[in-house]
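Visitor:
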Amino acid sequence: MPKNSKVTQREHSSEHVTESVADLLAHQEPVDYKRSVLNVTGETWDKQKEGDEELDAENRPAWNSKLQYILAQIGYSVGLGNVWRFPYLCQKNGGGAYLVPYLVLLIIIGLPLFFLELAVGQRIRRGSIGVWNYICPRLGGIGYASCLVCFFVGLYYNVIIGWSIFYFFKSFQYPLPWSECPIVKNGSVAVVETECERSSATTYFWYRETLDISNSISESGGLNWKMTLCLLVAWSLVGLAMIKGIQSSGKVMYFSSLFPYLVLVCFLVRGLLLRGAVDGIMHMFTPKLDKMLDPQVWREAATQVFFALGLGFGGVIAFSSYNKQDNNCHFDATLVSFINFFTSVLATLVVFAVLGFKANIMNEKCVVENAEKILGYLNTNVLSHDLIPPHVNFSHLTAKDYNEMYRVIMTVKEGHFKELGLDACLLEDELNKSVQGTGLAFIAFTEAMTHFPASPFWSVMFFLMLINLGLGSMIGTMSGITTPIIDTFKVRKEVFTVGCCIFAFLVGLIFVQRSGNYFVTMFDDYSATLPLTVVVILENIAVAWIYGTKKFMQELTEMLGFRPYQFYYYAWKYVSPICMAVLMTASIIQLGVSPPGYSAWIREEAAEKFLFYPTWAMAILISLIILASLPLPLVFILRQFHLVSDGSNALSVTYKKGRMMKDISNLEDNDETRFILSKVPSETPSPMPTHRSYLGPGSNSPMEMSSAPNGRYGSGYLLASTPESEL
Numbered sequence: 026m027p028k029n030s031k032v033t034q035r036e037h038s039s040e041h042v043t044e045s046v047a048d049l050l051a052h053q054e055p056v057d058y059k060r061s062v063l064n065v066t067g068e069t070w071d072k073q074k075e076g077d078e079e080l081d082a083e084n085r086p087a088w089n090s091k092l093q094y095i096l097a098q099i100g101y102s103v104g105l106g107n108v109w110r111f112p113y114l115c116q117k118n119g120g121g122a123y124l125v126p127y128l129v130l131l132i133i134i135g136l137p138l139f140f141l142e143l144a145v146g147q148r149i150r151r152g153s154i155g156v157w158n159y160i161c162p163r164l165g166g167i168g169y170a171s172c173l174v175c176f177f178v179g180l181y182y183n184v185i186i187g188w189s190i191f192y193f194f195k196s197f198q199y200p201l202p203w204s205e206c207p208i209v210k211n212g213s214v215a216v217v218e219t220e221c222e223r224s225s226a227t228t229y230f231w232y233r234e235t236l237d238i239s240n241s242i243s244e245s246g247g248l249n250w251k252m253t254l255c256l257l258v259a260w261s262l263v264g265l266a267m268i269k270g271i272q273s274s275g276k277v278m279y280f281s282s283l284f285p286y287l288v289l290v291c292f293l294v295r296g297l298l299l300r301g302a303v304d305g306i307m308h309m310f311t312p313k314l315d316k317m318l319d320p321q322v323w324r325e326a327a328t329q330v331f332f333a334l335g336l337g338f339g340g341v342i343a344f345s346s347y348n349k350q351d352n353n354c355h356f357d358a359t360l361v362s363f364i365n366f367f368t369s370v371l372a373t374l375v376v377f378a379v380l381g382f383k384a385n386i387m388n389e390k391c392v393v394e395n396a397e398k399i400l401g402y403l404n405t406n407v408l409s410h411d412l413i414p415p416h417v418n419f420s421h422l423t424a425k426d427y428n429e430m431y432r433v434i435m436t437v438k439e440g441h442f443k444e445l446g447l448d449a450c451l452l453e454d455e456l457n458k459s460v461q462g463t464g465l466a467f468i469a470f471t472e473a474m475t476h477f478p479a480s481p482f483w484s485v486m487f488f489l490m491l492i493n494l495g496l497g498s499m500i501g502t503m504s505g506i507t508t509p510i511i512d513t514f515k516v517r518k519e520v521f522t523v524g525c526c527i528f529a530f531l532v533g534l535i536f537v538q539r540s541g542n543y544f545v546t547m548f549d550d551y552s553a554t555l556p557l558t559v560v561v562i563l564e565n566i567a568v569a570w571i572y573g574t575k576k577f578m579q580e581l582t583e584m585l586g587f588r589p590y591q592f593y594y595y596a597w598k599y600v601s602p603i604c605m606a607v608l609m610t611a612s613i614i615q616l617g618v619s620p621p622g623y624s625a626w627i628r629e630e631a632a633e634k635f636l637f638y639p640t641w642a643m644a645i646l647i648s649l650i651i652l653a654s655l656p657l658p659l660v661f662i663l664r665q666f667h668l669v670s671d672g673s674n675a676l677s678v679t680y681k682k683g684r685m686m687k688d689i690s691n692l693e694d695n696d697e698t699r700f701i702l703s704k705v706p707s708e709t710p711s712p713m714p715t716h717r718s719y720l721g722p723g724s725n726s727p728m729e730m731s732s733a734p735n736g737r738y739g740s741g742y743l744l745a746s747t748p749e750s751e752l
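Under the numbering used here, the first residue of the sequence shown is numbered 26, with each subsequent residue one higher.
Okay, structure coming up:
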């Protein structure tokens, strides 16, 4: 030991020792307890294993820049739902009035829980399995449940990317293939395809040319080879983006996150120049204030907030785990949350500018068709010419003139008006037609684009945007699987990623058979909603009630360099758990009230029809919910009754490089003394241990320190860098 060390000076001094062990250790050379005479566990020192652990801890991949990380989080949270789900909910639930409950719930539920996931991922620097095993081993099933839900969602989400790829390649032709109904030969006569004539060209192309859909989920119909090939391309893209971890996926995010904004802005500018765009936007944002009192509106807003930010999937934790520990994750949470919100508003403006244009086109078509009916009735003397206002010119009939004629005819012919079969042709009726999901992207929006000048260009841009939105979300979803599995089981990144994509493609073949769209609907409706709600509630409870909100706030203060707002304390402790419990209850009630079913496309009727799931499909549906939730009670029972080790009784981490970490050996549960903090707050490696200073020579602590002739100290305070041994 150096002669000028504090310990040596104390040996030759009669002064009372008042310094803490932390101060003493800070001046000593690092000691590896496994190689020391104080190795009380009888554990042999494996130099190779220790070297691997140190290398893994210190060489964990990191983002190349803060911008890359922010773009990755934005790319993950901003997905297809922002484009085709949020505008529909906005229209359905009161227009501009819907933004109020959405924004309120984003602040009191979304932002605090998003911040919580970012913080635990950044502090512990592990995927979801490792994080929740570390915080509360008995709730370690949270991480496994998140992985399962990510797998279920990834299975069908990539199918949607496959559909977008199909439309993308079909867009390189003029006119667009869904702009007109196909002509078929019936003997020597050429006629329009009946199914297309009874629906529309875009609807026919979607259901028949793209999906070649069967009449029900019970009719498999075999594989759709076009969609199978597109699904293979989609999984190949995901695999290539993920194969090198964030080194490859981070670079992809520069394009996949920014390109959709370029397209949305271009569509907004183009849409505002279209006739009728303002009608759509005005209809969209005209507030229906009475809707704000409807509990259903608040439930749907909470669900949208929940899924928009990707809470519970594990992707947020995975991305955050590659950050430096002093990164300001509070700023990140606020920035990403509100970028997500404003992206949804931007997408809503674009959608309803285009749908306003489409509504005007369809309304004019309605006016022309009904004007021809009226002319026919005038020529056959069914209607008198006196009923037509003198200023009406059938050669240039406006919607206003038609509505005036319609009202006069309806008043005069009140008793026989229904027999005439005239439509009101109101623009409001066209705008009120609610369309969401695939119906918006692959039917309504594609139909509107057929009326654009240079329609192939806009179609290519639109579907390339959907591919990038989907790819960004898929990278985050797959990271929710690969990061925790690789961290926990130490498998090779490249091998596991490729194997995962191949396995997912093979399982995903169920979605590219002719009845595959019905399975997509089933998985979308039931595989994630309830399990993820339970997962996020348990995440909140684990941090706020088991670990302790005060302790967690203190850890955040040390990590961030400032104390987060007191708002988060009450949000994590009370507001978020209560709101999430209410949402879960409402979701269960909704499942019970609404019988599980799906919209089937009936070829003979050329129309959609609601059908109930058969018994075998109900069994699959229930199995999805149970399987996704099963790790939660299973892991709890196994660890509660010590059927499997939770890693808390292993003493295996060494004192190295002056950094410290908790690792407990044969300690009683009520022993609060864990480990001594290093002098620099940023060096404390784990957010979890209770901070306790050395209590002095007279302490009753079982962790008493004693001097040795060689200057080493026997201690239960073990030193390391990251909580690997507990994972």
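Glycine included, each C-beta is placed from N, C-alpha and C at the ideal position.
Below 8 angstroms on the Cβ atoms is my guess for I492 versus I190; work out the distance and round it to an integer in Å.
Guide: With a Cβ gap of about 6 angstroms, I492 and I190 count as contacting.
Visitor: Using DSSP bridges, identify the partner residues of I627.
Guide: I627 pairs with A632.
Visitor: For F637, which beta-bridge partners are listed by DSSP?
Guide: For F637, which the question treats as bridged, DSSP gives the partners G622.
Visitor: Would you mind giving the Cβ-Cβ distance between G296 and L456, rounded to the nearest angstrom? I have them listed as a contact below 8 angstroms.
Guide: At roughly 14 angstroms, the Cβ-Cβ gap does not stay under 8 angstroms, so G296 and L456 are not in contact.
Visitor: Using the three-state DSSP reduction, which class does F518 fall into: helix, strand or coil?
Guide: The residue you asked about is not Phe; residue 518 is Lys in the sequence shown. Helix at K518.
Visitor: Is it buried or exposed, R148, if we count other Cβ atoms within 10 angstroms and call 16 or more buried?
Guide: Burial call: buried.
Visitor: Give the DSSP-derived three-state secondary structure of Q198 in the structure shown.
Guide: Q198 falls in the coil class under three-state DSSP.
Visitor: Contact between the region 535 to 550 and the region 637 to 652 is defined here as three or more beta-carbon pairs at a separation below 8 angstroms; is this criterion met?
Guide: Yes: the two stretches touch, three or more of their Cβ pairs being nearer than 8 angstroms.
Visitor: What residue range is occupied by the uninterrupted beta strand (DSSP E) comprising K210?
Guide: Run containing K210: 208 to 211, per the beta strand (DSSP E) assignment.
Visitor: Alpha carbon to alpha carbon, how far is S420 from D426?
Guide: One C-alpha to the other measures close to 12 angstroms.
Visitor: Is it buried or exposed for P727, if we count other Cβ within 10 angstroms and need 16 for buried?
Guide: With a pLDDT of 36 at P727, under the threshold of 50, the modelled position of that residue is not reliable, and the figure given next carries that caveat. Answer is exposed; the Cβ neighbour count stays below 16.
Visitor: Could you check if D357 is buried or exposed, using at least 16 other CB atoms within 10 Å of its CB as the buried criterion?
Guide: With 16 or more Cβ atoms within 10 Å of its Cβ, D357 is classed as buried.
Visitor: Would the region 606 to 617 count as touching the region 509 to 521 if we require 3 or more Cβ pairs under 8 angstroms?
Guide: Contact fails: fewer than three Cβ-Cβ distances are below 8 angstroms.
Visitor: Taking the Cβ atom as the reference point for each residue, do A606 and S504 lie within a distance shorter than 7 angstroms?
Guide: Cβ atoms of A606 and S504: not closer than 7 angstroms.
Visitor: Do the CB positions of M267 and L96 come within less than 7 angstroms of each other?
Guide: Cβ distance not < 7 angstroms, so M267 and L96 don't count as in contact.
Visitor: Taking the straight line between their C-alpha atoms, what separation do you get for Q272 and C450?
Guide: Approximately 56 angstroms, taken between the alpha carbons.
Visitor: Among G168, Y181, C604, which has the Cα closest to the Cα of G495?
Guide: Residue Y181 is the option with its Cα nearest to G495.
Visitor: Is the number of C-beta pairs between the region 613 to 621 and the region 128 to 135 that are closer than 8 angstroms three or more?
Guide: Verdict: no, contact absent.
Visitor: Along the chain, where does the beta strand (DSSP E) that runs through A215 open and close?
Guide: Element bounds for A215: 214 to 217.
Visitor: Could I get the ranges of all uninterrupted alpha helix (DSSP H) runs contained in the region 500 to 588, with 4 residues as the minimum, in chain order?
Guide: Listed in chain order, the complete alpha helix (DSSP H) runs (minimum 4 residues) inside the region 500 to 588 are 518 to 532, 541 to 551, 554 to 566, 574 to 585.
Visitor: Sort A644, N107, P86, K634 by Cα distance to N365 and report the nearest one.
Guide: Ranking A644, N107, P86, K634 by Cα distance to N365 puts N107 first.
Visitor: In terms of alpha-carbon separation, which member of T436, S225, L136, T368 lies closest to E630?
Guide: Closest option to E630, Cα to Cα, is S225.
Visitor: Which complete alpha helix (DSSP H) runs does the region 422 to 497 hold, if anything under 4 residues is left out?
Guide: Counting only runs of 4 or more, we get 424 to 437, 442 to 445, 452 to 456, 470 to 474.
Visitor: Closest Cβ-Cβ distance between L646 and chain B: below 7 angstroms?
Guide: Of the protein chains in this structure there is only one, and it is not chain B.
Visitor: Between G146 and V156, how many whole angstroms is the CB-CB distance? I'm expecting something under 8 angstroms.
Guide: Contact flag correct, Cβ pair sits at about 6 angstroms.
Visitor: Could you check if P781 is buried or exposed, using at least 16 other CB atoms within 10 Å of its CB as the buried criterion?
Guide: Outside the displayed span of the chain (26 to 752) sits residue 781, for which this structure offers no information.
Visitor: What does L248 pair with, by DSSP beta-bridge criteria?
Guide: DSSP output for L248 lists Q538 as bridge partner(s).
Visitor: Looking at S552 and F177, is the spacing between their C-beta atoms short of 7 angstroms?
Guide: Yes, these two residues count as a Cβ contact at 7 angstroms.
Visitor: Can you list, in chain order, the stretches of the alpha helix (DSSP H) that have 4 or more residues and sit fully within the region 317 to 346?
Guide: Whole alpha helix (DSSP H) segments, 4+ residues: 320 to 333, 340 to 345.
Visitor: Indicate whether V392 and A372 have their beta-carbon atoms separated by less than 7 angstroms.
Guide: No, Cβ-Cβ distance for V392 and A372 is not below 7 angstroms.
Visitor: Could you check if Q591 is buried or exposed, using at least 16 other CB atoms within 10 Å of its CB as the buried criterion?
Guide: So Q591 ends up on the exposed side.
Visitor: Is the closest heavy atom of the ligand HEM to the C-beta of L646 under 6 angstroms?
Guide: With respect to the ligand HEM, the structure shown offers nothing to examine, as it has no ligands at all.
Visitor: What runs of the alpha helix (DSSP H), each 4 residues or longer, lie entirely inside the region 255 to 324?
Guide: Taking only runs of at least 4 residues, the alpha helix (DSSP H) segments lying wholly in the region 255 to 324 are 271 to 297, 302 to 310.
Visitor: Return yes when the Cβ of V537 is within less than 7 angstroms of the Cβ of M307, no when it is not.
Guide: No; because the gap between Cβ atoms is not below 7 angstroms, this pair is not in contact.
Visitor: Can you tell me whether K349 is helix, strand or coil according to DSSP?
Guide: The answer is coil: DSSP assigns K349 none of H, G, I, E or B.
Visitor: Here's a check: name, in chain order, each residue in its chain whose Cβ is nearer than 8 angstroms to the Cβ of F338, leaving out the five neighbours to either side.
Guide: Cβ neighbours of F338 beyond the five flanking positions: S171, V174, C175, V178, G501, T502, G505, L557.
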